[in-house]
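J.: The opening position of the sequence shown corresponds to residue 10 in the working numbering, with each subsequent residue numbered one higher.
Beta carbons are placed, not taken as given, at the ideal position from N, Cα and C, and that holds for glycine.
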Amino acid sequence: MMKYILAIVIFVMTTSLNAETLSFPSFQIEIQDGWEHTIETGPGDNWGSVISLSHPNGVGSLKILPFDAPAVVSEDILRNLTNVEFSVLLTWKNWGDYSGYQYDYLERGSFYRQWWLTNERTILFITYQCDPESKDIETEEIDKLVRSIKTTPVLKRSESVDIRDYSRIRGE
């Protein structure tokens with residue numbers, strides 16, 4: 010029994026040693042060894058860069074688009090930013106240092122898991138996309154990535170922009 014406990018402890022320590030922390034002006038995220046990321050310029054002044062994460066042997070892609078809001082973002086404001094019908098119950102949850110809503114759906118032949126998260130004045134629009142048949146393969150790992158998100162200090166806040174225009178994170 011002691012061997013199994015020791016093996017688990019060593020595995021957990023090795024896994025955390027293989028993690029890399031990616032830092033951006035508004036947040037940081039911990040990715041495991043083997044995951045790759047790309048960065049594209051964001052759509053405007055208050056928008057951060059679009060960060061795409063994927064594993065070469067994975068089945069989908071996770072995209073994160075940060076936005077620096079001009080004021081504190083409440084649960085109601087964030088709920089209004091979701092593109093989910095109000096008849097659908099969304100539960101407020103904690104994800105790392107951020108809180109917000111998560112919703113799964115199928116659209117145009119793809120599975121999407123989407124998050125709308127906030128930590129006071131930063132909003133993270135996060136989307137995971139893959140084939141519907143493959144949706145259960147790496148969703149646990151994707152949820153772990155999202156739960157690893159931590160706050161970093163915001164360096165600069167610009168004038169506000171229309172935060173409803175985030176369709177590019179959904180690949181539209």
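Quick one: what does DSSP say residue 71 is sitting in, helix, strand or coil?
T.: Strand.
J.: Can you give me the C-alpha to C-alpha distance between residue 149 and residue 122, rounded to a whole angstrom?
T.: Taking the straight line from one Cα to the other gives about 12 angstroms.
J.: Residue range of the alpha helix (DSSP H) that residue 154 falls in?
T.: Per DSSP, residue 154 belongs to the alpha helix (DSSP H) from 148-156.
J.: Verify whether the separation of the beta carbon atoms of residue 62 and residue 71 is less than 8 angstroms.
T.: Cβ distance < 8 angstroms, so residue 62 and residue 71 count as in contact.
J.: Have a look at residue 158 and residue 78 and give me their C-alpha separation to the nearest angstrom.
T.: Their backbone Cα atoms lie some 18 angstroms apart in a straight line.
J.: The alpha helix (DSSP H) spanning residue 84 covers which residue range?
T.: Element bounds for residue 84: 84-90.
J.: DSSP three-state call for residue 129: helix, strand or coil?
T.: Note: residue 129 maps to coil in three-state DSSP.
J.: Going by DSSP, what residues sit across from residue 117 in a beta bridge?
T.: According to DSSP, which records beta bridges pairwise, residue 117 is partnered with nothing at all.
J.: Kindly indicate which three-state DSSP category residue 96 falls into: helix, strand or coil?
T.: The answer is coil: DSSP assigns residue 96 none of H, G, I, E or B.
J.: Taking residue 67 as the reference, which of 34, 110, 138 and 115 has the closest Cα?
T.: With distances taken between Cα atoms, residue 67 lies closest to 138.
J.: Does DSSP put residue 143 in a helix, in a strand, or in coil?
T.: The answer is helix: DSSP assigns residue 143 an H, G or I state.
J.: Is residue 103 helix, strand or coil when you go by DSSP?
T.: If DSSP states are grouped into helix, strand and coil, residue 103 belongs with the strands.
J.: Check whether the segment 88-100 and the segment 37-53 are in contact - that is, three or more C-beta pairs closer than 8 angstroms.
T.: The segment 88-100, when compared against the segment 37-53, does not touch it at the 8 angstroms Cβ threshold.
J.: Suppose contacts are defined by Cβ-Cβ distances below 8 angstroms. Is residue 140 in contact with residue 119 by that definition?
T.: For residue 140 and residue 119, yes; Cβs fall inside 8 angstroms.
J.: Considering residue 37, what are the terminal residues of the beta strand (DSSP E) in which it resides?
T.: Taken as a continuous stretch (DSSP letters only), the beta strand (DSSP E) holding residue 37 covers 36-40.
J.: Between which two residues does the beta strand (DSSP E) containing residue 32 stretch?
T.: Note, residue 32: beta strand (DSSP E), 29-32.
J.: What is the DSSP secondary structure of residue 46, reduced to helix, strand or coil?
T.: Correct three-state label for residue 46: strand.
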